[in-house]
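Novice: Encoded as structure tokens, here's the structure I'll be asking about.
In the working numbering, the protein residues as written are 1149 to 1340.
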């Protein structure tokens, strides 16, 4: 297999001559056991980001698009695309104040559009997700503290960066449960 990596070391893919592009092996680091609050939140969020990527390891476009439980169309590729939207929403729009930034996969402010993987590819989905993750890290690092607040119109309330970090950990953990089942349905792989 021929590996392809980007400067962040995130999973861009490998090429298997027999199967085409597949998601490459992911390095995942466990969160620290005695760090401060901000470092711990960052580490748990990155742990869950890496977990989603791990659930996609070794799979190609067709396998990543495969739904596990019809009539549901939920797929691993759809989850990666959805999480690109979620990263953009909470870090760029909410904490970063980029209210006018468009959705990645929809021109109608529709988060569900990310789940439609018709014609989608691993390369474009991972490129978008990885770019949003890097932008999210940059936005979070630029904040003075976890006490910085931003308004969430949908909730009609202000939230702290701390709540956003916790919400993102929750969002990934929830979808990583879906990813467990999706991956098992594809090829029997289990475990985190």
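Every residue, glycine too, gets a C-beta built ideally from N, C-alpha and C.
Just to confirm my understanding: we take residue 1197, look at its own chain, exclude 5 residues before and 5 after, and list those with CB closer than 7 angstroms. What are they?
Specialist: 1281, 1320, listed in sequence order.
Novice: Which of the three DSSP states, helix, strand or coil, is assigned to residue 1248?
Specialist: Correct three-state label for residue 1248: coil.
Novice: So what does residue 1297 bridge to, in DSSP terms?
Specialist: Partner(s): 1308.
Novice: Do you know whose CA, among 1186, 1184, 1193, 1211, lies nearest residue 1177's CA?
Specialist: Nearest option by C-alpha distance: 1193.
Novice: Tell me whether the beta-carbon of residue 1206 lies closer than 8 angstroms to the beta-carbon of residue 1171.
Specialist: Yes.
Novice: I need the DSSP call for residue 1228, collapsed to helix, strand or coil.
Specialist: The answer is helix: DSSP assigns residue 1228 an H, G or I state.
Novice: Can you give me the Cβ contacts of residue 1315 inside the same chain, cut-off strictly under 7 angstroms, excluding the 5 residues immediately before and after it?
Specialist: Result list for residue 1315: 1238, in chain order.
Novice: Which partner residues does residue 1205 have in the DSSP bridge list?
Specialist: Its beta-bridge partners are 1171.
Novice: Quick one, are the C-beta atoms of residue 1233 and residue 1262 less than 8 angstroms apart?
Specialist: Result yes, Cβ atoms of residue 1233 and residue 1262 sit closer than 8 angstroms.
Novice: Can you tell me the Cα-Cα spacing of residue 1222 and residue 1235, whole angstroms?
Specialist: Each residue's Cα considered, the two are about 19 angstroms apart.
Novice: I'd like to check one pair, residue 1324 with residue 1199: are the Cβ atoms closer than 8 angstroms?
Specialist: Contact: yes.
Novice: My understanding is that residue 1276 touches residue 1252, with C-beta atoms under 8 angstroms, so please give their C-beta distance in whole angstroms.
Specialist: That belief holds up - the Cβ atoms of residue 1276 and residue 1252 are roughly 5 angstroms apart, short of 8 angstroms.
Novice: For residue 1242 and residue 1300, which I take to be in contact (beta-carbon distance under 8 angstroms), what is that distance rounded to the nearest angstrom?
Specialist: The Cβ separation is near 6 angstroms, so the contact holds.
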